[in-house]
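In my numbering, the protein residues as written are 4 to 132.
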């Protein structure tokens, strides 16, 4: 019981943190926080957003795919859920919105706020990460 309860609270903290990050990020993009409107300005810096060509984009998708692991647990949970004929399709449809909210929007906010030409992105110092 304690494990399930702690897992619930940690997941809730993670979701709330991401939502706060998105809200603050969009407020910074539109100039509500920080004063300066960023908008899509960082998408027009030098070769952005396709610096490195198609192979760089494919490489980014391959690397980002590793952060998306875990949704296959839906199939594992199918054997343990009550009324899987009704619950599994509903869970599959909700995955689209989770991907959009937690991955695509977060990447968009980061991409809009930080230009790829920022020197600290290529630093080997761990504190930058």
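C-beta atoms are modelled at their ideal positions from N, C-alpha and C, and glycine is treated no differently.
Annotated as distal: residue 45 and residue 110, with beta-carbon spacing of 8 Å or more. With fewer than three CB-CB distances shorter than 8 Å, the stretch 83-95 does not count as touching the stretch 7-24. Non-local C-beta neighbours of residue 42 in its own chain, meaning closer than 7 Å and more than five positions away in sequence, comprise 32, ordered along the chain. Exclusion of the five residues before and after residue 36 leaves 27 and 30 as the residues of its chain whose Cβ lies within less than 8 Å of its Cβ.
With respect to the C-alpha of residue 114, the residue from 39, 48, 96 and 61 having the closest C-alpha is 48.
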